[in-house]
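**Student:** There's a structure below that I have some questions on.
There are 2 protein chains.
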Amino acid sequence: MSLGFACKPRHCLNVGMQISAKVDYGIRALLVLAAAYDGPETRLIKSEEIATGQEIPFKFLEAILTEMRHAGFVISQRGAVGGYRLSRSPKSIALADIMRVLDGPLAAVRGLRPEMVSYKGSAENLADVWLAVRVSLRKVLESMTLDDILTGKYPKEVSGLLNDPDANVSRPMFVTE
Amino acid sequence: MSLGFACKPRHCLNVGMQISAKVDYGIRALLVLAAAYDGPETRLIKSEEIATGQEIPFKFLEAILTEMRHAGFVISQRGAVGGYRLSRSPKSIALADIMRVLDGPLAAVRGLRPEMVSYKGSAENLADVWLAVRVSLRKVLESMTLDDILTGKYPKEVSGLLNDPDANVSRPMFVTE
DNA sequence: TAGTATTTCTACTGATTTAGTAGGAATACT
DNA sequence: AGTATTCCTACTAAATCAGTAGAAATACTA
Numbered sequence: 015m016s017l018g019f020a021c022k023p024r025h026c027l028n029v030g031m032q033i034s035a036k037v038d039y040g041i042r043a044l045l046v047l048a049a050a051y052d053g054p055e056t057r058l059i060k061s062e063e064i065a066t067g068q069e070i071p072f073k074f075l076e077a078i079l080t081e082m083r084h085a086g087f088v089i090s091q092r093g094a095v096g097g098y099r100l101s102r103s104p105k106s107i108a109l110a111d112i113m114r115v116l117d118g119p120l121a122a123v124r125g126l127r128p129e130m131v132s133y134k135g136s137a138e139n140l141a142d143v144w145l146a147v148r149v150s151l152r153k154v155l156e157s158m159t160l161d162d163i164l165t166g167k168y169p170k171e172v173s174g175l176l177n178d179p180d181a182n183v184s185r186p187m188f189v190t191e
Numbered sequence: 015m016s017l018g019f020a021c022k023p024r025h026c027l028n029v030g031m032q033i034s035a036k037v038d039y040g041i042r043a044l045l046v047l048a049a050a051y052d053g054p055e056t057r058l059i060k061s062e063e064i065a066t067g068q069e070i071p072f073k074f075l076e077a078i079l080t081e082m083r084h085a086g087f088v089i090s091q092r093g094a095v096g097g098y099r100l101s102r103s104p105k106s107i108a109l110a111d112i113m114r115v116l117d118g119p120l121a122a123v124r125g126l127r128p129e130m131v132s133y134k135g136s137a138e139n140l141a142d143v144w145l146a147v148r149v150s151l152r153k154v155l156e157s158m159t160l161d162d163i164l165t166g167k168y169p170k171e172v173s174g175l176l177n178d179p180d181a182n183v184s185r186p187m188f189v190t191e
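Those sequence lines, one after another, are chains A and B. For any residue, its number in the numbering used here is found by taking its place in the first sequence, counting from 1, and adding 14. For any residue, its number in the numbering used here is found by taking its place in the second sequence, counting from 1, and adding 14.
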């Protein structure tokens, strides 16, 4: 009846789905721009303002915003009155789009897309698991837009998930045997 | 109308949810043991047999199996007729359990559990997204057992996901603007 | 036209994680 | 005693993550 230690002893840093700092910062920056969005003539917001308001490292944020511009999510202007604004409505930008731009595909198995991996023997059906994982991530992340997060009004499949009784309880990482 | 490049130019290795080699190998190894499972007196299977059968690097697999033993999923025996067997029924081992042992929590944001992060200003509701992501991962990975994968008979919420018309089509990673 | 403030680009860094490998010690059966 | 296997410790090379530094390009303003 020993207390089996089933996880890394201390802070347990590594993880299945790791939301990176880059994605976290990037989405927060777009949310700030989304809150100011008011059609194509929206005022420009400086990266400095976003960085201090959201406590994001300034130079890192600049790099992220430049990636966002390459992806077409934001429009920028240089110079004394420069800054950034959203290129289109916050209703039209889904979280999955942002995450794919900043971090690549939503799900992969050993670096490969789920439909690219194949297994043999007793593991034959394992690919189905990764496909199901990807679909379930898509259902959440493709359905939620920047506007949904600003307003707090989520698509009902998502609010269904949040109503789950233990949505905000974390599971133990050790196993007793 | 330029073709905006929204992702890393070439092989796009980084990813949101990365199923690591360790988890992939570990689950496959347990599936092999699960297929042989026949109560507490199941025959022992050598790591060499699993490694060649599933094309997993031998020494890496050994390390993974030892972690599995620490977690209580397998029982081992050394010596000439040694090997591994499952410690309990494949019906009682969920994929989420295995993944937490090998890779830590299912989801984290910048290294923190989703319920530990908090945001301010326009990003206030962002934590809900990560909670929803975690719940949706749990719904898939806590409901599927080793036995489900062996038999190909999945809980109906999972088979619902797999029936999604584009379960096995991958989404483009670049954005046209 | 000169000045100023901002974005943009290129390059670099240190820490951590990933995916292993090497070699030997412990152990269980014959 | 011999043999085959698991178990443990240590090590490595490559990639990724989370930034930083500094200068060039650019847009407005006076």
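C-beta atoms are modelled at their ideal positions from N, C-alpha and C, and glycine is treated no differently.
How would you call Gln32/A, buried or exposed, if buried means at least 16 neighbouring beta carbons within 10 angstroms?
**Tutor:** buried
**Student:** Report back the beta-carbon spacing between Val154/B and Ala146/A to the nearest angstrom; my notes put them in contact at under 8 Å.
**Tutor:** 5 Å
**Student:** Give the interface partners of Ser184/A over in chain B, defined as CB-CB distance under 9 Å, in chain order.
**Tutor:** Pro119, Arg127, Pro128, Glu129, Met130, Arg148
**Student:** Closer than 8 Å by beta-carbon distance: list the chain A residues that pair up with Ala65/B, in chain order.
**Tutor:** Chain A residues near Ala65/B: none, gap ~12 Å exceeds 8 Å.
**Student:** Can you grab the Cα-Cα spacing for the pair Lys105/A / Lys73/A, in whole Å?
**Tutor:** 28 Å
**Student:** Which same chain residues, not among the five before or five after Trp144/B, have their C-beta less than 6 Å away from its C-beta?
**Tutor:** Val123, Pro128
**Student:** Whole angstroms is fine: what's the gap from His199/B's alpha carbon to Thr66/B's?
**Tutor:** This structure cannot settle anything about residue 199/B, because the visible part of chain B is limited to 15 through 191.
**Student:** What residues in the region 98-119 of chain B have a beta carbon less than 8 Å from any beta carbon of chain A?
**Tutor:** When C-beta distances to chain A are compared with 8 Å, the residues of the region 98-119 of chain B below that value are Ser101, Leu109, Ala110, Asp111, Met113, Arg114, Val115, Asp117, Gly118, Pro119, in chain order.
**Student:** Could you round the C-beta distance between Lys36/A and Ile64/A to whole angstroms and report it? I think they count as a contact, below 8 Å.
**Tutor:** Incorrect: roughly 14 Å between the Cβ atoms, too far for contact.
**Student:** So the beta strand (DSSP E) Val95/A belongs to, where does it begin and stop?
**Tutor:** Per DSSP, Val95/A belongs to no beta strand (DSSP E) and is neither H nor E.
**Student:** Inspect the beta-carbon positions of Gly86/B and Ser101/B and report whether they are closer than 7 Å.
**Tutor:** yes
**Student:** Based on Cα-Cα distance, which residue from Arg42/A, Tyr39/A, Asp142/A, Pro119/A lies nearest to Leu109/B?
**Tutor:** Asp142/A
**Student:** Would Gln32/B count as contacting chain A if we go by Cβ distances under 7 Å?
**Tutor:** yes
**Student:** Using a Cβ-Cβ distance under 7 Å, would Asn177/A count as near chain B?
**Tutor:** By this cut-off, Asn177/A is not an interface position.
**Student:** Could you check whether the Cβ of Arg124/A sits closer than 7 Å to any Cβ belonging to chain B?
**Tutor:** yes
**Student:** Could you check the C-alpha separation between Ala139/B and Leu116/B for me, to the nearest Å?
**Tutor:** Position check: residue 139/B holds Asn in this sequence, whereas Ala was assumed. As the crow flies, the alpha-carbon of Asn139/B is around 31 Å from that of Leu116/B.
**Student:** In chain order, what residues of the same chain have a beta carbon less than 7 Å from the beta carbon of Leu47/B, not counting five sequence neighbours either side?
**Tutor:** Ile59, Val88, Tyr98, Arg99, Leu100
**Student:** Please report the residue range of the alpha helix (DSSP H) in which Ile64/A lies.
**Tutor:** 61-68
**Student:** What is the residue span of the beta strand (DSSP E) that Gly123/B lies within?
**Tutor:** Note that residue 123/B is Val in the sequence shown here, rather than Gly. Annotation: the continuous beta strand (DSSP E) that includes Val123/B extends over 121-123.
**Student:** Could you name the residues that DSSP lists as bridge partners for Val183/B?
**Tutor:** Answer by DSSP bridge pairing: none, since Val183/B is not bridged.
**Student:** Per the DSSP calculation, Thr159/B is bridged to which residue(s)?
**Tutor:** Ala108/B
**Student:** Which residues of chain A have a Cβ atom closer than 9 Å to the Cβ of Gln91/B, listed in chain order?
**Tutor:** Here the premise fails: no neighbours, minimum Cβ distance about 17 Å.
**Student:** So, at 6 Å on beta carbons, what are the nonlocal neighbours of Tyr168/B in its own chain, with the 5 sequence-adjacent residues on each side left out?
**Tutor:** Asp162
**Student:** For Met82/B, I'd like the list of residues in its chain whose CB is within less than 6 Å of its CB, leaving aside the five on either flank, ordered along the chain.
**Tutor:** Val88
**Student:** So which of Arg92/B, Met130/B, Arg185/B has the shortest CA-CA distance to Val149/A?
**Tutor:** When the alpha-carbon of Val149/A is set against those of Arg92/B, Met130/B, Arg185/B, the nearest one is in Arg185/B.
**Student:** Would you please verify whether the beta carbon of Leu45/B is less than 7 Å from any beta carbon of chain A?
**Tutor:** yes
**Student:** For Val88/A, does the three-state DSSP call read helix, strand or coil?
**Tutor:** strand
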